[in-house]
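These notes are about the structure you will find just below.
In our numbering, the protein residues as written are -16 to 116.
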């Protein structure tokens, strides 16, 4: 993969409460090869997690390390499994990705966290990648 420095902005929106937050707006190393991409960033305060995102045209994986570890596998219009590890142990979660697309310098993901088929939480991640001079 070819690496380059870019500015990455990550916005998250809780689709149930409409609460929005900017998780990242910083210069990061982006690894890009054909349809595959990978980048890491440190979340803004107060979250302070370290996130790595890998993906391609079909979906992505998000790994987050903070107080615990979270691993989400998101694929367009598919139900998948995720994992949350905390001091209380490991919890497997069901995910449904309503929408995933990567086009040019934008990656958008809308996903639900499920419990027995019921939606517990819904989120939208909007990632914008800008070249830096």
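Just so it is clear, CB atoms sit at the ideal spot from N, CA and C, and this is done for glycine as well.
- Below 8 Å, too few C-beta pairs join the stretch 18 to 31 and the stretch 61 to 75 to call them touching: fewer than three.
- Listed in chain order, the non-local C-beta contacts of residue 92 below 6 Å within the same chain comprise 57, 83 and 108, local neighbours out to five positions each way being set aside.
- By the neighbour-count criterion, in which 16 or more other beta carbons inside 10 Å mark a residue as buried, residue 48 falls on the exposed side.
- Under DSSP, residue 64 takes part in a beta bridge, and its partners are 77.
- As DSSP reads the structure, residue 91 sits in a beta bridge with 84 and 109.
- With contacts defined by Cβ atoms closer than 9 Å, residue 81 and residue 94 form a contacting pair.
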